[in-house]
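Structure (structure tokens):
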């Protein structure tokens, strides 16, 4: 007999006590989320659900999907209900009910949601690649065909295009209540980046009045988010089905650890600060720490691990050489670039990477390296070189990325161009995200070249072992 699909009706019939524990379906959707993937469901949606249990309010989430219809197909038939499995020593299953619906290829509905007085917060998780901007300038890419379509007056479908379109409709209907846009992606000063992209888009539209209205009525605080959320596996879906007695095609799994640091802003919001989020006056220290210690380590080990034939972070840190590399990288280079030696941070990160049953795949981390590495590894490398130090282990991670590119069969457009470069100098010259002073640094270039030769001659494991020992 087929197992029924999770919905409010089936849950009420089979597990009414669970239905009573989640948000009702009649609260207002005060949040519009752009990019409703696994990370948002495990992180911001889970924290919003917890906040609503502490302090009720009209903070249901209306989501927008950009990467196919998968999220809409999974969540809409389930009335927005889904399970978050928190992995760790004490596993926990949380049922989330604050998602109202998911929109996909419905620009009119997105516009109406943004224009509505009900909407007070827009959150975004579309990854670095989702903003269609040049990381070297933080401006919209001139050659982006999707941007050209948005500017041509067709229904917008880029993130920034839909955001501006909705804000324009909000202004047109005379809605002056403040609205806050929270980017939750791994970009330095992500709020300022999104604000700049919005203003740049208004400039391309030639609408200075809209730009002024947005400046006066829309806040763009920066945020830092942190949680390991791998792609959902079939085993996870079967596990949730066994627990619920219902099929949940929107279930996600992640570590129990969550971090959300938000630049303080005026305006209404859920009681996130009562369930673990932190509001701070200045985000800079938290974002540098997250990007360098966590994301930078992830990127460095992803490429080196893939070259070694490994599949997941847990698999990788079980090997002594790679665990030693993580310690040496954090304590010797990325930690000191922040002004401290982060021994405790290294051990905490290793424990997180080794969390049981978190299948955090290295291929997932390795995607879009050309866009991610500038903030994660190039910035600390530049600062160390300026201080007269050699970022040998950072450059080993970059060499791992280059070696990975040269052997990969499937690459995005940016990476394909770099992989085709005939030598290191031309690769660095073609890499838009690489600062000019690093391209001109002989130290930087030689460290990468030495690591590339060592990987080719001695293999990745022997190179990681030797360079880690030298770094210690």
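Residue numbers (this note's numbering): 1198 to 1669.
Glycine included, C-beta positions come from ideal geometry on N, C-alpha and C.
Given the structure is predicted, the values throughout are model-derived calculations rather than measurements.
Contact defined as beta carbons within less than 8 Å: I believe residue i pairs with residue j. What is the distance between those atoms, to the nearest angstrom?
i	j	result
residue 1483	residue 1491	Contact doesn't hold; Cβ gap of about 11 Å is too wide.
residue 1203	residue 1443	4 Å
residue 1309	residue 1429	That pair is no contact at about 30 Å.
residue 1638	residue 1582	6 Å
residue 1531	residue 1587	So it is not a contact: roughly 14 Å between Cβ atoms.
residue 1255	residue 1315	7 Å
residue 1380	residue 1425	Not a contact, Cβ separation roughly 20 Å.
residue 1240	residue 1455	6 Å
residue 1347	residue 1358	3 Å
residue 1304	residue 1352	4 Å
residue 1511	residue 1551	5 Å
residue 1665	residue 1473	Actually they are not in contact, since the Cβ atoms of residue 1665 and residue 1473 sit about 34 Å apart, beyond 8 Å.
Can we count residue i as close to the ligand GDP, meaning its CB is less than 8 Å from some heavy atom?
i	result
residue 1360	Judged by which ligands are present, the structure shown has none, so any question about the ligand GDP falls away.
Are the CB atoms of residue i and residue j nearer to each other than 9 Å?
i	j	result
residue 1233	residue 1427	no
residue 1452	residue 1283	yes
residue 1323	residue 1382	yes
residue 1646	residue 1663	no
residue 1299	residue 1269	yes
residue 1601	residue 1566	yes
residue 1488	residue 1502	no
residue 1386	residue 1481	yes
residue 1257	residue 1227	yes
residue 1278	residue 1208	yes
residue 1493	residue 1593	no
residue 1408	residue 1400	yes
residue 1507	residue 1559	yes
residue 1635	residue 1599	no
residue 1605	residue 1616	yes
residue 1328	residue 1390	yes
residue 1229	residue 1356	no
residue 1260	residue 1376	no
residue 1469	residue 1423	no
residue 1595	residue 1578	yes
residue 1394	residue 1212	no
residue 1354	residue 1500	no
residue 1337	residue 1404	no
For the alpha helix (DSSP H) holding residue i, just list the boundary residues, first then last.
i	result
residue 1613	1610-1616
residue 1570	1566-1570
residue 1514	1510-1514
residue 1251	1241-1251
residue 1502	1493-1504
residue 1604	1589-1604
residue 1273	Where residue 1273 is concerned, there is no enclosing alpha helix (DSSP H), given that its DSSP letter is neither H nor E.
residue 1401	1387-1402
residue 1556	Looking at the DSSP string, residue 1556 is not in any alpha helix (DSSP H), and its letter there is neither H nor E.
residue 1213	1213-1216
residue 1345	1342-1348
residue 1649	1639-1655
residue 1678	Because the chain here runs from 1198 to 1669, residue 1678 falls outside it and cannot be looked at.
residue 1633	1633-1636
residue 1577	1576-1583
residue 1623	1621-1627
residue 1482	1481-1486
Where DSSP assigns a beta bridge to residue i, which residues make up the other side?
i	result
residue 1230	1260, 1320
residue 1290	1282
residue 1522	BP columns for residue 1522 are empty, so no partner.
residue 1301	1262
residue 1426	Paired residue(s): none; residue 1426 is not in a bridge.
residue 1452	1284
residue 1416	1377
residue 1444	1202
residue 1296	1258
Give the range of the beta strand (DSSP E) segment to which residue i is assigned.
i	result
residue 1457	1456-1460
residue 1376	1376-1380
residue 1423	1420-1423
residue 1358	It is not in any beta strand (DSSP E) - residue 1358 instead sits in the alpha helix (DSSP H) that spans 1356-1369.
residue 1475	1475-1477
task: Examine the Cβ distances between the stretch 1249-1260 and the stretch 1211-1224 and report whether three or more of them are shorter than 8 Å.
output: yes
Stretch-stretch touch, CB-based, cutoff 8 Å, three pairs: the stretch 1368-1382 with the stretch 1402-1417
yes
Per the contact definition of three or more C-beta pairs closer than 8 Å, is the stretch 1431-1443 in contact with the stretch 1275-1293? yes
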